[in-house]
Structure formats: C-alpha cells, structure tokens
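Novice:
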Amino acid sequence: MTSTPAPPTRAPRVDGTRRTRLPGNTALLGVLGFATFLALLEVVPRLGIVAPGYLPPVSRIGVALVELAGESAFWTALGDTVRGWFLGLLIAVALGIVVGFVLGATPILREATASTIEFLRPIPSVALIPLAVLVFGTNLRSVLLLVVYAAFWQVLVQVLHGVQDVDPVAQETARTFGLGRLARIRHVTWPTALPYLLTGVRLAAAVALILAVTAELVIGAPGLGNEIGVAQSGAAVARMYALIIVTGLLGVAVNVLARQLERLLLRWHPSIRREVPA
Amino acid sequence: MTALLRRAARNTLAAAALPIALLALWWVFTADSDSYYLPPLSDILASVDDVWLHSGRLRTDVLPSLLRLLAGFTLAVLLGVGVGVAIGSSRRLRAFCEPVLEFLRAIPPPVLVPVLMLFAGIGNTMKVLVIVSGCVWPILLNTVEGVRAVDQVLLDTARCYGVRGPARLWHLIIRSASPQIVTGMRQGLSIGIILMVISEMFAASNGLGFSIIQFQRTFAVTEMWTGILLLGLLGFLLATAMRVFERRALNWYLGLRQTQRGGDR
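Protein sequence lines correspond, in order, to chains A and B.
Numbering-wise (my numbering), the first sequence opens with residue 115 and increments by one.
Numbering-wise (my numbering), the second sequence opens with residue 50 and increments by one.
1) Give the DSSP-derived three-state secondary structure of Ala155 (chain B) in the structure shown.
2) Could you list which residues in chain A have their beta carbon closer than 8 Å to that of Leu67 (chain B), in chain order?
3) Against chain A, does Phe294 (chain B) count as a neighbour if the rule is that its beta carbon must be under 8 Å from one of theirs?
4) Between Gln374 (chain A) and chain B, is the shortest Cβ-Cβ distance under 8 Å, so that the two count as touching?
5) Does any CB atom of chain D fall closer than 8 Å to the CB of Cys184 (chain B)?
6) The alpha helix (DSSP H) spanning Arg373 (chain A) covers which residue range?
7) Consider the Cβ of Ile243 (chain A): report whether some Cβ of chain B lies at a distance smaller than 8 Å.
8) How would you list, in chain order, the residues of chain B whose beta-carbon sits under 7 Å from the beta-carbon of Gln346 (chain A)?
9) Taking the alpha-carbon positions, what's the Val177 (chain B) to Ala120 (chain B) distance?
10) Got a sec: is the Cβ-Cβ distance from Ser117 (chain A) to anything in chain B below 8 Å?
11) Indicate whether at least one CB of chain B lies closer than 8 Å to the CB of Gly176 (chain A).
12) When Cβ atoms are compared, which residues of the stretch 139-158 of chain B fall closer than 8 Å to chain A?
13) Taking 8 Å as the cut-off, does the stretch 123-132 of chain B touch the stretch 179-186 of chain B (at least 3 CB pairs, one atom from each stretch)?
14) In the DSSP assignment, find the unbroken alpha helix (DSSP H) run with Asp96 (chain A) in it and report its ends.
15) For the alpha helix (DSSP H) that Pro309 (chain A) lies in, which residues bound it at each end?
16) Label Ile163 (chain A) either buried or exposed according to how many other C-beta atoms from any shown protein chain fall within 10 Å of its C-beta, with 16 as the threshold for buried.
17) Mind checking if Gly304 (chain B) is an interface residue toward chain A, Cβ cutoff 8 Å exclusive?
18) Assuming Ala318 (chain A) and Val207 (chain A) are in contact, meaning their beta carbons sit under 8 Å apart, how far apart are those beta carbons, in whole angstroms?
19) Using a Cβ-Cβ cutoff of 7 Å, what residues of the stretch 155-176 of chain A are near chain B? List them in chain order.
20) Quick one: does Val307 (chain B) have its CB under 8 Å from some CB of chain A?
21) Cα separation between Gly211 (chain B) and Ile136 (chain B)?
22) Round the Cβ separation of Thr303 (chain A) and Val280 (chain A) to the nearest angstrom and send it over; I've been treating them as touching at under 8 Å.
23) Classify Leu54 (chain B) as buried or exposed, calling it buried when 16 or more other Cβ atoms lie within 10 Å of its own Cβ.
24) Which value, in whole angstroms, describes the spacing of the CA atoms of Thr290 (chain A) and Val277 (chain A)?
25) Report yes or no: do three or more beta-carbon pairs, one from the stretch 237-256 of chain B and one from the stretch 159-173 of chain B, lie closer than 8 Å?
26) Determine the direct distance from the alpha carbon of Ala207 (chain B) to that of Asp200 (chain B), and round the result to whole angstroms.
27) For a contact meaning CB atoms closer than 7 Å, what does Asn369 (chain A) contact in chain B?
28) Would you mind telling me which residues of chain B sit closer than 7 Å to Gly365 (chain A), beta carbon to beta carbon, in chain order?
29) Would you say Arg377 (chain A) reaches chain B, if we count a Cβ-Cβ gap shorter than 8 Å as a contact?
30) Over what stretch of residues does the alpha helix (DSSP H) that includes Ser239 (chain B) continue unbroken?
31) Roughly how many angstroms lie between the CA atoms of Ile333 (chain A) and Ser138 (chain B), to the nearest whole one?
32) With 16 other CB atoms within 10 Å as the buried threshold, where does Gln309 (chain B) fall?
33) Is it buried or exposed, Val293 (chain B), if we count other Cβ atoms within 10 angstroms and call 16 or more buried?
34) With 16 as the cutoff for other CB atoms within 10 Å, does Leu331 (chain A) come out buried or exposed?
35) Do you know how far the Cα of Thr252 (chain A) is from the Cα of Pro170 (chain A)?
Listed below in structure tokens is the structure:
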C-alpha cells in the first residue's frame, strides 16, 4: 500500500472535487426525477396504456387527496394508525432496551437465550394475526401485538450487539476509577450501545409502520389500512391510491424522523461528526 | 480431546436448555387447559399429522405458497441487482431516481395488495407481484449503496488492466457489492414471507396463509395453532437457509474482515 502512493492520494481529490460540484445539481435532478415520475403517472393512464379504472391519472388522485384532507374520518384514521405505530414502537423499544441490557450484561443468560432468540426472531409476525383476532378482536390491542412482536426483535438484536461491543479497556478504566455498576452502565455501556440502539429503532420504526398498516388492512382494525380496504371493496380507486400515497408519505416521515433522532442523539459520535461538513 | 467433547456438550446444553424448558412449561401448563384459545400442546402436536401430512395440505397449500415466494424472491433479486447496479454506477441517474425511490420504498408493501388485485386478479400473478413489490426495495437500495462504495483503487486498477464489460461487472462490481446485496436479500426475504402470507390471507383459494385464516374463521383453534407453528418453523428454516447461503457466498469477505481485524473474530 505504501509503495504506491499515487492512487490513494489521487482518489480522494477526485472524489472531493466531484462532491463539491454536485449538490445544486443533485437537488435539481431529484426534482426532475420526481416530476418525470408524476408525468408518467399522468400520461400512461390518459393514453390508455393502463386502464384508467385500474390506475387513474395522477391529477385525479390529487383531487381525491384534497377531498380526503377535508374529511374528519380520514384524520381520525390517520391518528389511529400513528397511535398504533407509536405505542407499539415505544413498547418494543422499552422492552428491547431492558431485555437487551439484562441479557447482554450476563454472559450465562446470553448464552442460554441465544438459540431461543434465533428461533423466535424469524417467525413472521403475521403468523400471529389469527391469534390476535381470536383473542383481542379488531381493535388497537391486535395491532399492538403484531407491531410489538415485529419491532421488538429489531431493537433487541441491535442492543445485544451494542452491549457486547463495549471496549474492555474503557470498562476496566471505569472500574479502576471506582464507578459502580449503575454508573458503569450509564457512562460506559450506554454510550457504546446507543448507536446500535438507534439503528435498531430506525429499522423497528419502519417495520412497525408496515405491521400497523397490515394489521388494519387484514384484521380490519380502524386506521389507514382499513380505509384502503374499504375504498378497494367500494371500487373508489382514486381514493384508494390517495390513501396509499398517504401511507407512503407517512413512511417517508418515519424514516426522516428516525434519522433526525439519530443525528440529534449521536451528535458526539465520530460517524455523525464526520458527516456534517464544517 | 475430552475437553473438546466437554465443551461441545456444554454448548449443546446451553443452546437446547431454554427451548426445551419453554416447551416443557408450555406442555405442562396447558396439559389440562380448558381455555378455548389455548388448547393443550399435546393436542396441537397430535393434530399436526392429521391437518398437514395426511390431508395432503403440504402439497396443495404449503408447496404453492413456497413456489410463489421463490418466484417472487428470485424476480426481486434479479430486478433489484440489475436496476441497482445501473443506478449505483451513474451519479446522475442516482440523483435523478433517489427521491422517487425513497418514496416508493416508504410505502408499506402490504397496501399494494389491493392495487395489484385490480391489475392481476387474485391468482398467482398477483401474489408473485406483491412479493416482488415488497422484496425489491431492500435489495435495490442495498445494491446501490454497495456499488457506490466500490473501492476507487480497484476501479482504477481494473481500468489499467483493461478489465471491462461482463468481467468487470461480475468480478469487480457485483463482487464488491455482494456483502450489501446479501444483506438486502436477507431483509427482502423476511418481507417476502410476510407478503406471501398477507396476499393469501387477503384473497386466495389455497396457500399457507389462506389455510390459517380459514381455520381461524371456522374457529378450528387447534388446527390454527398447528398452522402458526408451521409458519414459524418455515420462517426459521428459510432464515437458516439464507444464513448458510450468506456464509458460502461471502466466505471471502468474512475471511478478509477477520484478517483485517487481526485474526480473532
């Protein structure tokens, strides 16, 4: 590596100049890309390439979207979905942190539970749908069962990795300075595990939204998913697409929020500090 | 030698103890359960044979589900890697597509079930399309990231040696991006299983998800439990198969990382 200095010194420079030149361009191209996408969605049904009954032109979906915004039922449904998502995520994260720290801090427990976790984790949470319907019926608790089950594993696995990643030297140093068990968890384990935890939260937030909407769609619990099912069976196609777009926007919002949270809580972390240009 | 044996025995014990204990607890606590929702585990296991093996449901319901999953997943991998390599290789194309992809990815895939039902009815085509539409995003986006991160030195070296065309694509681009591609495939597979079940629960005449929801609607609770267990087992087996594949496909990468970290992993 050291005998050939030319490529490594050249590469960053090329990369650097490219990066400084592109930002304005990138945004413009992105807007252009989105405009093209919308134009395609408008033109394809109008030209009859796809039957407008199956895919209405995007302008008509837009009208349906505006109509939706005027309905109080829509806002209630949106609130229901967000509530199911948020409560489920909150429970899953809390559970994941507690269980993860307890298991991660005790090697014997960790070893004993590893196989069980590996078995339970890939079980698709939709397998619980019939059980949820029988036991809880079509309400928020069914949604929560599915959301929590799906999101919990994402958080737990990340926390376990994080707790395991603690630098032994830091741990020993803290011990030498006379930090107690709780103080070590607070000042050594927690900062080490936090980036992992937030990755887990980001993954779990996306999965939780999928499961919240799925539960509403399949079980019929109140929320956006249920509204989509109703619109579909009522052949209100434009309305169905409008609702789907709303779920997509909700998904984008969830992703952005999770990334902001990461950035906020990890300001001190090298990986974030490096991302922010001076 | 005996130490080795003892260690192997200890590891097996550690791995098996809790699952066995949990199953035993489940068995004992439900042994004389009158609860309608929670039939005795012994009854559930006894009816597995009747419900799935003798009735031929493995062939008429489980097999079609698995074939649809396989078809959808394969298509998603081809599509995701193909489009991902194209988008990842060109900065302009990436900037052009990124916002649209961010939006499409964020749509929870199950809501596409009603849409695809409009287009493709409730047959196999719809279900395969649903699986593709959900699986493709993690694979596509991870491929883009992987292709983006191909080592600049390697790219320059390949150019110096005149490596281009399919050889460059296969040996340099795909190979470099394969850790990310495989990660995307793993995420895609678990979404694919969910969608396989959802699409069958929503509208179908056969399949694992259809059977389970049918049992629930007819209040055949014991049969429903066997279905849940089978689905869980299937999820676990598919995840294991994925891990074996990952270890084989990424052998070179895992080894490389191990040496970079100084041996002990």
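Cβ coordinates follow ideal geometry from the N, Cα and C atoms, glycine included.
Specialist: Taking the geometry as given:
1) Taking the first residue of the second sequence as 1, we reach residue 155 (chain B) at position 106. Look at Ala155 (chain B) here: in three-state DSSP terms it is helix.
2) Start at 1 with the first residue of the second sequence, and residue 67 (chain B) comes out as number 18. The contacting residues are Ala226, Thr227, Ser229 and Thr230.
3) As a working note, residue 294 (chain B) is residue 245 in the second sequence. No Cβ of chain A is located within less than 8 Å of the beta carbon of Phe294 (chain B).
4) Locating residue 374 (chain A) in the first sequence gives position 260, where the first residue counts as 1. Interface criterion not met: the Cβ of Gln374 (chain A) is under 8 Å from no Cβ in chain B.
5) In the structure shown, chain D cannot be found, because the protein chains are A and B.
6) Within the first sequence, residue 373 (chain A) is the residue found at index 259, counting from 1. Run containing Arg373 (chain A): Val351 to Leu379, per the alpha helix (DSSP H) assignment.
7) Counted from its first residue, the first sequence places residue 243 (chain A) at position 129. Judged by the 8 Å Cβ criterion, Ile243 (chain A) is in contact with chain B.
8) Looking up residue 346 (chain A) in the first sequence gives position 232. Identification of chain B residues near Gln346 (chain A) by a Cβ-Cβ cut-off of 7 Å yields Pro163, ordered along the chain.
9) Translated into positions along the second sequence, residue 177 (chain B) becomes position 128. Translated into positions along the second sequence, residue 120 (chain B) becomes position 71. Rounded to whole angstroms, Val177 (chain B) to Ala120 (chain B) spans 7 Å at the Cα level.
10) Counting from one through the first sequence, the residue named residue 117 (chain A) turns up at place 3. Note that Ser117 (chain A) scores 38 on pLDDT, short of 50, meaning its location in the model is unreliable; the coordinates nonetheless yield the value given after this. Taking Cβ atoms only, chain B never reaches closer than 8 Å to Ser117 (chain A), which makes this a no.
11) The residue given as residue 176 (chain A) occupies position 62 in the first sequence. No - not a single Cβ of chain B is within 8 Å of the one on Gly176 (chain A).
12) Within the stretch 139-158 of chain B, the qualifying residues are Arg140, Arg141, Ala144, Phe145, Cys146, Glu147, Pro148, Val149, Glu151, Phe152, Leu153, Arg154, Ala155, Ile156, Pro157 and Pro158.
13) Segment contact: the stretch 179-186 of chain B against the stretch 123-132 of chain B, three or more CB-CB distances shorter than 8 Å; contact assigned.
14) The question about residue 96 (chain A) has no answer here: the residues shown for chain A are numbered 115 through 392.
15) Within the first sequence, numbered from 1, the residue matching residue 309 (chain A) stands at position 195. Run containing Pro309 (chain A): Trp304 to Ile333, per the alpha helix (DSSP H) assignment.
16) Counted from its first residue, the first sequence places residue 163 (chain A) at position 49. Under this definition Ile163 (chain A) is an exposed residue.
17) Here residue 304 (chain B) refers to the residue found at position 255 when the second sequence is read from its first residue. Not one beta carbon of chain A lies nearer than 8 Å to the beta carbon of Gly304 (chain B).
18) Looking up residue 318 (chain A) in the first sequence gives position 204. Looking up residue 207 (chain A) in the first sequence gives position 93. Yes, they are in contact, since the Cβ atoms of Ala318 (chain A) and Val207 (chain A) sit about 7 Å apart, within 8 Å.
19) Correct list: Tyr168.
20) What you label residue 307 (chain B) is simply residue 258 of the second sequence in a count that begins at 1. Going by the sequence as given, residue 307 (chain B) is Gln instead of Val. False, the Cβ-Cβ gap to chain A never drops below 8 Å.
21) For the purposes of this step, residue 211 (chain B) is identified with residue 162 of the second sequence, where counting begins at 1. For the purposes of this step, residue 136 (chain B) is identified with residue 87 of the second sequence, where counting begins at 1. CA-CA distance, Gly211 (chain B) to Ile136 (chain B), rounds to 23 Å.
22) The residue you call residue 303 (chain A) lines up with position 189 of the first sequence. The residue you call residue 280 (chain A) lines up with position 166 of the first sequence. Indeed, because the Cβ distance is near 6 Å, the residues count as touching under 8 Å.
23) By one-based count along the second sequence, residue 54 (chain B) stands at place 5. The residue is exposed, with fewer than 16 neighbouring Cβ atoms inside 10 Å.
24) The sequence position of residue 290 (chain A) within the first sequence is 176, counting from 1. The sequence position of residue 277 (chain A) within the first sequence is 163, counting from 1. So the alpha carbons of these two residues sit roughly 20 Å apart.
25) Verdict: yes, contact present.
26) Locating residue 200 (chain B) in the second sequence gives position 151, where the first residue counts as 1. Locating residue 207 (chain B) in the second sequence gives position 158, where the first residue counts as 1. Cα to Cα, the separation comes out at about 11 Å.
27) If you number the first sequence from 1, residue 369 (chain A) lands on position 255. Neighbours of Asn369 (chain A) on chain B, chain order: Ala155.
28) Walking along the first sequence from the start, residue 365 (chain A) turns up at place 251. Ordered by position in chain B, the residues that pass the 7 Å Cβ test against Gly365 (chain A) are Ala155, Ile156 and Pro157.
29) Here residue 377 (chain A) is taken as the residue at index 263 of the first sequence, counted from 1. Not an interface residue.
30) Indexing the second sequence from 1 puts residue 239 (chain B) at position 190. Element bounds for Ser239 (chain B): Arg224 to Phe251.
31) Sequence index remark: in the first sequence, residue 333 (chain A) carries index 219 (1-based). Sequence index remark: in the second sequence, residue 138 (chain B) carries index 89 (1-based). Ile333 (chain A) and Ser138 (chain B) have their C-alpha atoms spaced approximately 43 Å apart.
32) Within the second sequence, the letter at position 260 stands for residue 309 (chain B). Gln309 (chain B) comes out exposed.
33) Here the question's residue 293 (chain B) lines up with position 244 in the second sequence. Classification of Val293 (chain B): exposed, given that the 10 Å Cβ count is below 16.
34) Reading the first sequence from its first residue, position 217 is the one you call residue 331 (chain A). With 16 or more Cβ atoms within 10 Å of its Cβ, Leu331 (chain A) is classed as buried.
35) Taking the first residue of the first sequence as position 1, residue 170 (chain A) is located at position 56. Taking the first residue of the first sequence as position 1, residue 252 (chain A) is located at position 138. Approximately 31 Å between the Cα atoms of the pair.
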